């Protein structure tokens, strides 16, 4: 199992801040996301814009994933203040 | 020092973090909530953070600033939750022997913060609300 956390607009669309997800068939970030989209089709609209972190570090599609990891999915960041 | 704050940012406490008698310059930036955005009247903002990762990213940005400029101290306090008009959402501060590196490092830190730190801003208007930069 891995923990998937959602933030901001993605959290609102999914309807929960985090889930436990069986990713035993998925070896990397890209495979986890494909499995997640099957369960949460609403994620598809964020597929090409969202950022992914594994254990609090930015990750790539090929970043490996193993049981116990925390995977965060979130939109482009917009903290700070005035542009 | 890096801190994510769930209540109003304390300026005295922030400036005390930057105190260092070997430094002659303290530059600090106070980012506040504006009452308008893209032609719309803003009532208030809400900030959300991936807190553990945001702290780690901000520490990394301060480390990169230290690698680049001769600064003594660097600090960021970022507010999360509901923030009202005119209130401070972020403080960035740097102390250094001289003003040049302090100005440069302070600007670097706030500019980088907006690129990589996982914090999101939602604007609330009289007729709705919108996540900024969400792409969704």
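Residue numbers (the numbering used here), protein chains in the order written: chain U, 1242 to 1324; chain W, 4 to 139. We treat Cβ as the ideally placed atom computed from N, Cα and C, and that holds for glycine. Keep in mind the model is a prediction, meaning the values are calculated, not measured.
Residues bridged to residue 72(W) [DSSP beta-bridge criterion]: Answer is none; residue 72(W) lacks a bridge partner.
CB of residue 1292(U) within 8 Å of CB of residue 1317(U), strictly: In contact: residue 1292(U) and residue 1317(U) (Cβ atoms closer than 8 Å).
task: Counting only the same chain and skipping the five closest in sequence on each side, list residues whose C-beta sits under 7 Å from that of residue 1296(U).
output: Within its own chain, the residues whose Cβ lies closer than 7 Å to the Cβ of residue 1296(U), once the five positions on either side in sequence are excluded, are 1310, 1311, listed in chain order.
- prompt: Got a sec, what are the start and stop residues for the alpha helix (DSSP H) residue 1249(U) sits in?
  reply: Counted as a single uninterrupted DSSP element, the alpha helix (DSSP H) harbouring residue 1249(U) occupies residues 1249–1255.
message: With three or more C-beta pairs closer than 8 Å as the rule, is the region 42–56 of chain W touching the region 98–109 of chain W?
response: They do not touch, by the three-pair rule.
8 Å contact criterion, which residue 1289(U) and residue 1255(U) should meet: CB distance rounded: Between residue 1289(U) and residue 1255(U) the beta-carbon gap is near 17 Å, outside 8 Å, which marks them as no contact.
- request: Return the Cβ separation of residue 99(W) and residue 1322(U) in integer angstroms, given the expectation that the two are a contact with Cβ distance under 8 Å.
  value: 23 Å between Cβ atoms; not a contact.
task: Return the chain-ordered list of same chain residues with a C-beta closer than 6 Å to the C-beta of residue 139(W), the five sequence neighbours on each side being excluded.
output: Low per-residue confidence applies at residue 139(W): pLDDT is 39, beneath 50, and the placement is therefore not dependable, though the value from the model is reported in the following sentence. Close CB contacts of residue 139(W) within its chain, under the 6 Å cut and outside five residues either way in sequence, are absent.
message: For a contact defined as C-beta to C-beta under 8 Å, what are the partners of residue 1319(U) on chain W?
response: Within chain W, 117, 122, 123, 124, 134, 135, 136, 137 have C-beta atoms less than 8 Å from the C-beta of residue 1319(U), given in sequence order.
task: Compute the beta-carbon to beta-carbon distance between residue 83(W) and residue 60(W), rounded to the nearest angstrom, for a pair I have assumed lies under 8 Å.
output: At roughly 14 Å, the Cβ-Cβ gap does not stay under 8 Å, so residue 83(W) and residue 60(W) are not in contact.
- prompt: Taking Cβ to Cβ, would you say residue 6(W) is nearer than 8 Å to residue 80(W)?
  reply: Less than 8 Å separates the beta-carbon of residue 6(W) from that of residue 80(W).
message: By the three-class DSSP mapping on this structure, what secondary structure does residue 10(W) have?
response: Coil at residue 10(W), not helix or strand.
field: Same chain, Cβ closer than 6 Å to residue 32(W), five either side skipped, listed in chain order
entry: The beta carbon of residue 32(W) is closer than 6 Å to those of 95, 109, 113 in its chain, skipping five residues each way along the sequence.
Beta-bridge pairing of residue 40(W) - partner residues as DSSP gives them: When DSSP reads this structure, residue 40(W) sits in a beta bridge with 43(W).
- request: Identify each residue in the region 1272–1304 of chain U for which the Cβ-Cβ distance to at least one residue of chain W is less than 7 Å, and report them in chain order.
  value: Residues passing the 7 Å Cβ filter: 1286, 1287, 1290, 1294, 1297.
- prompt: What residues in its chain sit with their C-beta under 7 Å from that of residue 1267(U), if we drop five residues either side in the sequence?
  reply: The beta carbon of residue 1267(U) is closer than 7 Å to those of 1273, 1276, 1306 in its chain, skipping five residues each way along the sequence.
- request: Report yes if the C-beta distance between residue 1245(U) and residue 1314(U) is below 8 Å; otherwise report no.
  value: In this structure, residue 1245(U) lies near residue 1314(U), with their beta-carbon atoms less than 8 Å apart.
message: Using the Cβ count rule (16 or more neighbours within 10 Å means buried), how would you classify residue 125(W)?
response: Counting of Cβ neighbours within 10 angstroms places residue 125(W) among the buried residues, the total reaching 16 or more.
field: Distance, residue 39(W) Cα to residue 134(W) Cα
entry: For residue 134(W) and residue 39(W), the distance between alpha carbons rounds to 15 Å.
field: Coarse secondary structure for residue 28(W), derived from DSSP in three states
entry: Judged by DSSP in its simplified three-state form, residue 28(W) adopts strand.
query: Is there a Cβ from chain W that is less than 8 Å from the Cβ of residue 1313(U)?
result: Chain W has a Cβ within less than 8 Å of the Cβ of residue 1313(U).
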